[in-house]
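Below is one structure; the comments refer to it alone.
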Amino acid sequence: MTVEGPRSRGEHAVVLTGAPGALPAPARATVRAPADLARRLTWLMLVRTVAVTVVLGLTLWLLATAETRSTALVVTLSGLIAVTYILTIVYAVLLRRQVAAARLVWPQLVGDVAIAGLLLYCTGGATSAYAFFFALSLVSAGALLYQRGVLVIGGMSIALITLVSIAAWRSWLPLPMVPQARPWEQSSVDFIRSLGINLAAISAVGVLAYAFGEQLQRTSQSLASERRVVADLVTLHEDILRSLSSGLITIDRDGNLLTANQVASEVFARPTTAMVGRPLAEVCPPLAARLAGLGADATVQRGDLTFQRAGRQSVLGISVSPLRDVQDQAIGRVINFTDLTALRAMETQVRRAERMATVGQLAAGIAHEIRNPLASISGSVELLRTSPQASDDDRALMAIVTREMERLDGLISDLLDYTNPRPRQPVRFDLVALVDETVQVFRQDPILATLGAEVAIAASEAVLEVEADPAQLRQVLWNLLRNAADAVAKAGDAAPGRIEVAVGRDGGQVRVDVTDTGPGVPVDALPHIFDPFFTTKRTGSGLGLAVCQALITDHGGSLDVSNQAQGGARFTVRLPG
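Number 634 marks the last residue of the sequence shown (my numbering); no jumps.
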């Protein structure tokens, strides 16, 4: 999750990371401290470089204008400046290469003490004016390592000042490089006074640096505690959003998304990172249009929203309330929604089943009553057609009557199959083999030869066993193939059409997809495509798909339809695996 803000008073944008689909474990929130160890170390390098450049550079300038000067001191000071620059560059490179800052602190602090000690020796020991460099090291230790750093660096500084001063006073080391400095000529009283002043000054700075480090550590701990609280709150916010079973988005006053949870990502088929910050009109135009007519403080307790998603009609149950800041000012909207597509489809199926249960009984009785006189009419027409007195025109007309009666009889058979299907006779069989056999037979259909259409099969497994009625599944597949061929013919493209049949597993189910390159199903026809007597063809009873859905539903499966983005329709059969 990323926290951005503030955008305006009381507004923050929160992005929930996590790709849809595979649903990986969401990343936890990370809150970075504004001043961490690496940043303080960077400041130390900058201050050290400036201090060495200014102080030693000024010293070199004074030496250059002096009547008497020490060449060795000039070389040594120039070397110290160069070494400081080189070490600073090395430390900076190591920091940029993600070397742990804690591993670079001690080398820098100890190096600073060593440089200060060398400078102290070169400029006269206890009488040197450059002892304040030790004070800079103490302050740096307090800023970086708090009390512990002050104690260690302070002890090293006092020890080094004492040893260098005594060594210079007792002439244990080569003579200092400053001609005016003659530490060995000091009396014991003067030496002790000079050394005491330096040690007292360093001790005083050490006490202040210790207090500074203690206060800084306390402040850092307080900030770290506050950052943990913020991180916990952000994580809790993330967990709450992720745990919601409904979709949740928030938008600002301009209609831009501030928050989107994982369910919203799935409903709108976009990753959350691609939605946050984008206008709602771009993510879901119908929802934006619905909200456009509402006032800033308007509340919608419950409402339905219908929109197209991946070629299918989806229904959302939405509720809207104002998003308010701590001053109770409306700064946006909170939109909660639930995907009601499956529920509405189930309600439609229940209503259809209830309606057809009543209509079916009536239709079955009417069908039987029609079929009986229809048989008598058919027999009478056949006798008339074979009569010697019948002319050729009479026989042609009676042939038309016979053909239409056969079509009417087929319609009655379809109606009886729909209202009173024969009981299933399930067996265990290979679905891939059944699909392959049905497609091979369908390839011999004259309509394919006329269209020049191609029928392809794709199976994810060589053998895919299911327990179902093979005759009924073959009937369903044949009907879907004929519909696909009719759709390809309706497209009227110059290029040959294509029908693809894909067989595979989909979670715990077995799935068969029949896809065509036709014009697709009209959007307004999608909700009614499986209704009895509903058809988009010029001819047909409108019972084929209704019978197919009834057969698949009786198997405990489902039959769905969707339009493809590249054109054409896809009918999907799902059966228990």
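Glycine residues also receive a C-beta, built at the ideal position from the N, C-alpha and C atoms.
Which one of the options has the shortest CA to CA distance from residue i?
{"i": "Asn-313", "options": "Glu-411, Asp-543, Ile-392, Thr-610", "result": "Ile-392"}
{"i": "Phe-191", "options": "Phe-590, Leu-201, Leu-256, Ser-619", "result": "Leu-256"}
{"i": "Val-111", "options": "Glu-426, Thr-128, Tyr-142", "result": "Tyr-142"}
{"i": "Ala-525", "options": "Val-533, Val-131, Ile-514", "result": "Val-533"}
{"i": "Trp-226", "options": "Pro-379, Leu-195, Gly-182", "result": "Gly-182"}
{"i": "Ser-302", "options": "Val-320, Asp-296, Arg-285", "result": "Val-320"}
{"i": "Ala-399", "options": "Pro-589, Glu-511, Pro-584, Thr-133", "result": "Pro-584"}
{"i": "Thr-495", "options": "Cys-341, Gln-529, Asp-382, Asp-581", "result": "Gln-529"}
{"i": "Lys-547", "options": "Gly-253, Phe-587, Leu-508", "result": "Leu-508"}
{"i": "Thr-307", "options": "Val-545, Val-287, Leu-344, Gln-272", "result": "Leu-344"}
{"i": "Gly-212", "options": "Leu-166, Gln-243, Glu-323", "result": "Leu-166"}
{"i": "Ser-371", "options": "Ala-326, Val-383, Ala-158", "result": "Ala-326"}
{"i": "Leu-152", "options": "Trp-229, Arg-381, Trp-100", "result": "Trp-100"}
{"i": "Val-162", "options": "Leu-538, Ala-355, Leu-144, Tyr-187", "result": "Leu-144"}
{"i": "Asp-169", "options": "Thr-184, Ala-108, Thr-128, Ala-355", "result": "Ala-108"}
{"i": "Ser-433", "options": "Pro-576, Asp-466, Leu-177", "result": "Asp-466"}
{"i": "Pro-576", "options": "Ala-607, Gln-623, Thr-610", "result": "Gln-623"}
{"i": "Ala-353", "options": "Asp-309, Thr-116, Leu-208, Arg-369", "result": "Asp-309"}
Rounding to the nearest angstrom, what Cα-Cα distance links residue i and residue j in this structure?
{"i": "Ile-210", "j": "Val-333", "result": "50 Å"}
{"i": "Thr-593", "j": "Phe-394", "result": "33 Å"}
{"i": "Arg-347", "j": "Ala-331", "result": "22 Å"}
{"i": "Ala-349", "j": "Arg-366", "result": "21 Å"}
{"i": "Ile-259", "j": "Ser-251", "result": "12 Å"}
{"i": "Glu-522", "j": "Asp-493", "result": "14 Å"}
{"i": "Leu-298", "j": "Arg-568", "result": "33 Å"}
{"i": "Thr-459", "j": "Ile-556", "result": "34 Å"}
{"i": "Leu-130", "j": "Gly-114", "result": "12 Å"}
{"i": "Phe-248", "j": "Gln-278", "result": "44 Å"}
{"i": "Ala-95", "j": "Ala-281", "result": "15 Å"}
{"i": "Leu-137", "j": "Ser-197", "result": "19 Å"}
{"i": "Thr-292", "j": "Leu-201", "result": "30 Å"}
{"i": "Thr-329", "j": "Glu-323", "result": "9 Å"}
{"i": "Val-140", "j": "Thr-316", "result": "52 Å"}
{"i": "Ser-635", "j": "Leu-305", "result": "There is simply no residue 635 to check, as the chain begins at 58 and stops at 634 in what is shown."}
{"i": "Gly-564", "j": "Phe-628", "result": "18 Å"}
{"i": "Arg-464", "j": "Gly-614", "result": "30 Å"}
{"i": "Arg-562", "j": "Pro-579", "result": "29 Å"}
{"i": "Leu-616", "j": "Leu-472", "result": "19 Å"}
{"i": "Ala-224", "j": "Gly-199", "result": "29 Å"}
{"i": "Leu-380", "j": "Gln-386", "result": "8 Å"}
{"i": "Ser-444", "j": "Val-438", "result": "10 Å"}
Buried or exposed, going by whether 16 or more other CB atoms sit within 10 Å of the CB of residue i?
{"i": "Gly-174", "result": "buried"}
{"i": "Pro-480", "result": "exposed"}
{"i": "Pro-283", "result": "The sequence given here has Glu at residue 283, not Pro. Classification of Glu-283: exposed, given that the 10 Å Cβ count is below 16."}
{"i": "Thr-574", "result": "buried"}
{"i": "Trp-118", "result": "exposed"}
{"i": "Ala-268", "result": "exposed"}
{"i": "Met-403", "result": "exposed"}
{"i": "Asp-451", "result": "exposed"}
{"i": "Arg-390", "result": "buried"}
{"i": "Gly-625", "result": "buried"}
{"i": "Val-618", "result": "buried"}
{"i": "Leu-440", "result": "exposed"}
{"i": "Ala-424", "result": "buried"}
{"i": "Asp-570", "result": "buried"}
{"i": "Gln-501", "result": "exposed"}
Identify whether residue i lies in helix, strand or coil by the three-state DSSP scheme.
{"i": "Arg-310", "result": "coil"}
{"i": "Arg-485", "result": "strand"}
{"i": "Val-383", "result": "coil"}
{"i": "Glu-524", "result": "strand"}
{"i": "Thr-116", "result": "helix"}
{"i": "Ser-251", "result": "helix"}
{"i": "Ala-317", "result": "strand"}
{"i": "Ile-388", "result": "strand"}
{"i": "Trp-535", "result": "helix"}
{"i": "Ala-92", "result": "The pLDDT assigned to Ala-92 is 43, lower than 50, so where the model puts this residue is not dependable; a value taken from the coordinates is nonetheless given after this. Reduced to three states, the DSSP call for Ala-92 is coil."}
{"i": "Trp-229", "result": "coil"}
{"i": "Cys-605", "result": "helix"}
{"i": "Ser-197", "result": "helix"}
Would you list the residues sitting across from residue i in a DSSP beta bridge?
{"i": "Ser-437", "result": "None; Ser-437 has no bridge partner."}
{"i": "Asp-361", "result": "Gly-374"}
{"i": "Asn-393", "result": "Leu-305, Ser-376"}
{"i": "Arg-369", "result": "Arg-366"}
{"i": "Asn-620", "result": "Ala-626"}
{"i": "Glu-557", "result": "Ala-513, Thr-572"}
{"i": "Val-567", "result": "Arg-562, Leu-632"}
{"i": "Pro-336", "result": "Asn-313"}
{"i": "Ser-615", "result": "Arg-631"}
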